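Chemist:
2 protein chains.
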Amino acid sequence: MNIGQAARASGVTAKMIRYYDEIGLVAPASRTDANYREYETREVNELRFIKRARTLGFSMEEITLLLSLWRDRGRPSREVKAIAEKHVAALDARIAEMQAMADTLRHLSHCCAGDERPDCPILADLTGGSEPTPARHQRTVQSRGRQRD
Amino acid sequence: MNIGQAARASGVTAKMIRYYDEIGLVAPASRTDANYREYETREVNELRFIKRARTLGFSMEEITLLLSLWRDRGRPSREVKAIAEKHVAALDARIAEMQAMADTLRHLSHCCAGDERPDCPILADLTGGSEPTPARHQRTVQSRGRQRD
DNA sequence: GATGGGGCTTCCCACGATGGTAAGGTCAAG
DNA sequence: CTTGACCTTACCATCGTGGGAAGCCCCATC
Numbered sequence: 038m039n040i041g042q043a044a045r046a047s048g049v050t051a052k053m054i055r056y057y058d059e060i061g062l063v064a065p066a067s068r069t070d071a072n073y074r075e076y077e078t079r080e081v082n083e084l085r086f087i088k089r090a091r092t093l094g095f096s097m098e099e100i101t102l103l104l105s106l107w108r109d110r111g112r113p114s115r116e117v118k119a120i121a122e123k124h125v126a127a128l129d130a131r132i133a134e135m136q137a138m139a140d141t142l143r144h145l146s147h148c149c150a151g152d153e154r155p156d157c158p159i160l161a162d163l164t165g166g167s168e169p170t171p172a173r174h175q176r177t178v179q180s181r182g183r184q185r186d
Numbered sequence: 038m039n040i041g042q043a044a045r046a047s048g049v050t051a052k053m054i055r056y057y058d059e060i061g062l063v064a065p066a067s068r069t070d071a072n073y074r075e076y077e078t079r080e081v082n083e084l085r086f087i088k089r090a091r092t093l094g095f096s097m098e099e100i101t102l103l104l105s106l107w108r109d110r111g112r113p114s115r116e117v118k119a120i121a122e123k124h125v126a127a128l129d130a131r132i133a134e135m136q137a138m139a140d141t142l143r144h145l146s147h148c149c150a151g152d153e154r155p156d157c158p159i160l161a162d163l164t165g166g167s168e169p170t171p172a173r174h175q176r177t178v179q180s181r182g183r184q185r186d
């Protein structure tokens, strides 16, 4: 099995397989006389493992750990679970951040007329975003007239 | 005002101010005889605008657009709103993706004993993640009865 | 005037994970 | 033997940010 076949079988591009090889995420593939990398079912399974882990958002570093646990028949599931839970926590934190961004923007967008007039609470927020009155947007937004541009 | 003062006043690092300068996000700063960049309140306000927009997750490209609208007194708020709404949609899409990852991992984690035994539904999922039975994690994984969660 | 510390300048490198491309070797089918 | 598909390495780009080196400048203190 050469790299292209392994790529199709695993869902990982040949490019990325070489990259994983290069950074040592997977053991260096054996080579043919013509210096072609060759793969067996075992390597393809590793690549699918990596692919799936990437799909779940694990970083390369985490995947390195997961792979070593996966290869270790005697690993305690506790360690795997710890990695997963840490990643879930990181995802949740990032989600919360993005949710906050989206909520703020939804609110500003809701307050923006979205017509031909130039007055815009979104730009007003970006201009003076550090001011302590984010919740009080009525139609009087125009009266804040602090545009000094 | 030199770049360090502008950085402190805007919350943008000097490094990033130079970068924004370089990529043309802001107009090239005027220079002193000693080739030092100099800033006025106006530029600091632009930098704060950028900072705030970055906090809300806008890309540089979007910020370029937002800045040009901000500078244009006659802009229609419609255009600003369109950018904001598009960004909200992108955020929501990304949040949904990450939420799906987190939910899957939470489920797997919940099913993992997390003890000294090597059997682990998380690794099992990563191994055969592409198989068509994602919900069917048989209880036979833990043949000795469950102790935790 | 000299000296020293801190700030400024440009330039280069790094990240993470991926894609692109170019130049050259190889394999298999016609 | 030719052709086209495939492999190899090597380099560049992304995006936004940080780090650092080498060298110049400003100001205060001696």
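Sequence lines, in order, name chains H and D. Heads up: the first sequence at position 37 corresponds to 74 in my numbering, and the numbers run straight through without jumps. Heads up: the second sequence at position 73 corresponds to 110 in my numbering, and the numbers run straight through without jumps. Cβ atoms here follow ideal geometry from the backbone N, Cα and C, with glycine treated the same way. Remember, it's a predicted structure, so these values are computed and weren't measured experimentally.
#1: Using a Cβ-Cβ cut-off of less than 7 Å, give me the residues of the segment 108–128 of chain H that come near chain D, in sequence order.
#2: So Ala20(H) and Val125(D) are in contact, right, with Cβ under 8 Å, and what is the actual spacing, rounded?
#3: Do we get a CB-CB distance below 8 Å when we pair Ala43(D) with the residues of chain H?
#4: Nearest to Lys123(D) by alpha carbon, out of Leu142(D), Leu103(D), Trp107(D)?
#5: Check whether the segment 93–103 of chain D and the segment 146–157 of chain H are in contact - that is, three or more C-beta pairs closer than 8 Å.
#6: Which one of Glu59(D), Gly111(D), Ile120(D), Leu145(D) has the shortest CA to CA distance from Arg143(H)?
#7: Quick one: using the 10 Å Cβ neighbour count with 16 as the cut-off for buried, is Asp152(H) buried or exposed?
#8: Buried or exposed for Ser114(H), going by 16 or more other Cβ atoms inside 10 Å?
#9: Determine the chain H residues that contact Arg91(D) at a beta-carbon separation under 9 Å, and present them in chain order.
#10: Across which residues does DSSP place Arg74(H) in a beta bridge pair?
#11: Any idea if Lys118(H) is buried or exposed, counting beta-carbon neighbours within 10 angstroms, 16 or more meaning buried?
#12: Looking at the structure shown, is Gly140(D) part of a helix, part of a strand, or coil, going by DSSP?
Modeler: So, from the listed chains and residues:
#1: When CB distances to chain D are screened at a threshold of 7 Å, the residues of the segment 108–128 of chain H falling below it are Arg110, Gly111, Arg112, Pro113, Ser114, Arg115, Val117, Lys118, Ala121, Glu122, His124, Val125, Leu128, in chain order.
#2: This structure leaves residue 20(H) out entirely; chain H is present only between 38 and 186.
#3: Here residue 43(D) refers to the residue found at position 6 when the second sequence is read from its first residue. Ala43(D) has a beta carbon lying at 8 Å or more from every beta carbon in chain H.
#4: The residue labelled residue 123(D) in the question sits at position 86 within the second sequence. With distances taken between Cα atoms, Lys123(D) lies closest to Leu103(D).
#5: Counting Cβ pairs under 8 Å, fewer than three are found: no touch.
#6: Here residue 143(H) corresponds to residue number 106 of the first sequence, with the count starting at 1. Of the residues Glu59(D), Gly111(D), Ile120(D), Leu145(D), the one whose Cα lies closest to the Cα of Arg143(H) is Ile120(D).
#7: For the purposes of this step, residue 152(H) is identified with residue 115 of the first sequence, where counting begins at 1. The residue in question, Asp152(H), is exposed, as its Cβ has fewer than 16 Cβ neighbours within 10 Å.
#8: Taking the first residue of the first sequence as 1, we reach residue 114(H) at position 77. Result: buried.
#9: Looking up residue 91(D) in the second sequence gives position 54. What Arg91(D) touches in chain H: nothing, since even the nearest Cβ is about 10 Å away.
#10: Counting from one through the first sequence, the residue named residue 74(H) turns up at place 37. DSSP lists Arg68(H) as the beta-bridge partner residues of Arg74(H).
#11: As a position in the first sequence, residue 118(H) is number 81, starting the count at 1. Counting other Cβ atoms within 10 Å of its Cβ, Lys118(H) reaches 16 or more and is therefore classed as buried.
#12: As a working mapping, residue 140(D) is identified with position 103 in the second sequence. Note that residue 140(D) corresponds to Asp in the displayed sequence, not to Gly. Looking at Asp140(D) - three-state DSSP - the assignment turns out to be helix.
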